[in-house]
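What the sequence shown shows, in our numbering, is residues 831 to 1146, in sequence order.
What follows is a single structure, written as structure tokens, with notes after it.
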Amino acid sequence: MFEIRLEQVSLKRLIGAAFGSVLGIIGAYLMSLVIREALPTQRFVPLCVLLWMTYVGLIVGAKKGEMLNLAALGGIFGGEKSSKKTFKILDTSVIIDGRIADIAETGFLDGVLVIPQFVLRELQLVADSADSMKRNRGRRGLDILQRIQKMAHLNVQIVEEDFPQVREVDMKLIELAKIYDCKVITNDFNLNKVAQLHGVEVLNINELANSLKPIVLPGETMRVFILKEGKEYNQGVAYLDDGTMVVVDNAKKMISKTIDIAVTSVLQTTAGKMIFGKFDERVHAAVGAEKHERVPRKTEPQPMTNLGPEKTTIES
């Protein structure tokens, strides 16, 4: 983790710390001259002054280094801000989910992906579980990690930092993110809320997926497959390809059929988006007729009749 902390330090702070240390050493040397004149037999005091002044110069220079304007110098200092790396911690749930690997392949993730050792231990415990479902989930998470590590454009680091006094893995993630100023990638709703209360930035995969769903406005027509009966009277339930639930009125009798419906409202919930619609046979017939008109009619080829060679009559 020392490497991560060193990479997080900006170039301004490094330059300020180095400049402050040099000034501290110079000040300590000048003070040691005075001390030697006053206390010629004391050699330990100038050494203590040297260490103390160097430390003070290092701390003050690092804090004041943020006031430097390196962009005005140009050259290699102009791109210092853009070259700073960002660190993101992966949660156990988002590793098992697997969609993080697909997002990483598209290039939308940058910086360094941090995987704590306690997350790996939790994955291993799940993979060694007696329950077959949990065991498959744990092995899937380990396969996802191997897939991410093989991506050439990603930098994956496994850290040994742990918090023995904290028992829950979620709280360990929050403490690690607070210490090293990292973002947490998760799809756990409860971890998302707790992390926000602690002031930790969270990247939620479920929120990303919901934001990418197509926008449907009331009054539009859409074609759905009625899968089952709804909770209310005469309702049918359908699902879009992305998993969005569609509740359709007057569609109970259309179960196991594909119909055209009119969207009445859209409800955004914490679990996702729900679409409410109404089935009208007249709308269904009108949309079907419109689609039928758009399809060009195929003209059947007329059969060729073989009349054979023409017969000539010879008049006698």
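Glycine residues also receive a C-beta, built at the ideal position from the N, C-alpha and C atoms.
Apart from the five residues just before and just after residue i, which ones in its own chain have a Cβ nearer than 6 Å to its Cβ?
i     : result
G846  : G891, A892, K894 and G895
D927  : N1017
V924  : I930, I1015, T1016, N1017 and I1035
L860  : none
K1058 : V1067
Roughly how many angstroms lie between the CA atoms of residue i and residue j, to the nearest whole one?
i     : j     : result
I855  : I889  : 13 Å
D1071 : A848  : 57 Å
F1109 : I1045 : 20 Å
Y885  : R873  : 19 Å
N1017 : V986  : 20 Å
V1077 : E1111 : 16 Å
M1084 : I1056 : 7 Å
L1097 : N1080 : 19 Å
G887  : C878  : 14 Å
G968  : T1099 : 29 Å
G1049 : K1061 : 23 Å
F948  : V996  : 11 Å
S959  : Q976  : 20 Å
G1066 : M1052 : 15 Å
L920  : L950  : 10 Å
V989  : A1025 : 20 Å
L1047 : R965  : 42 Å
I1004 : L955  : 21 Å
M883  : S851  : 8 Å
E998  : M963  : 22 Å
A1092 : A1068 : 13 Å
K980  : D973  : 11 Å
S1086 : A982  : 46 Å
A957  : D1090 : 45 Å
F1019 : I1105 : 22 Å
Closer than 7 Å to a non-hydrogen atom of the ligand FMN - does that hold for the CB of residue i?
i    : result
L881 : Among the ligands in the structure shown, none appear at all, so the ligand FMN cannot be discussed.
Starting from residue i, follow its DSSP beta bridges and name the residues at the other end.
i     : result
V944  : I919 and Q987
L1097 : M1104
T1088 : F1055
Is residue j closer than 8 Å to residue i when the C-beta atoms are compared?
i     : j     : result
L984  : G971  : no
K1023 : K918  : no
L1021 : D1000 : yes
L880  : A858  : yes
G941  : T916  : yes
T1094 : G1107 : yes
Could one say the Cβ of residue i lies closer than 8 Å to chain C's Cβ atoms, at least one of them?
i    : result
T936 : Reference to chain C is not applicable here, since this structure consists of a single protein chain.
Spatial neighbours of residue i within its chain, please: C-beta separation below 7 Å, excluding the five flanking residues on both sides.
i     : result
N1040 : G1102 and K1103
K1043 : D1072, T1074 and K1103
G1138 : Its pLDDT being 48, under 50, G1138 is placed unreliably by the model, and the measurement read from it follows with that caveat. Once the five neighbours on either side are set aside, G1138 has no close Cβ partner at all.
N1064 : D1079, N1080 and K1082
V864  : none
Closer than 8 Å by C-beta to residue i: which residues in its own chain qualify, once you throw out the five before and the five after it? Chain order, please.
i     : result
I933  : L939, I1035 and L1038
I978  : I930, A931, A934, L943, L984 and V986
K1008 : H1028, G1029 and V1030
L869  : V875
K1002 : P946, F948, D992, F993 and V996
L853  : G887 and G891
G937  : H983
### Task
Let me know the beta strand (DSSP E) ranges lying completely inside the region 1003–1079, each 3 residues or longer, listed in chain order.
Segments of the beta strand (DSSP E) lying fully in the region 1003–1079: 1013–1016, 1032–1034, 1051–1059, 1065–1069 and 1075–1079.
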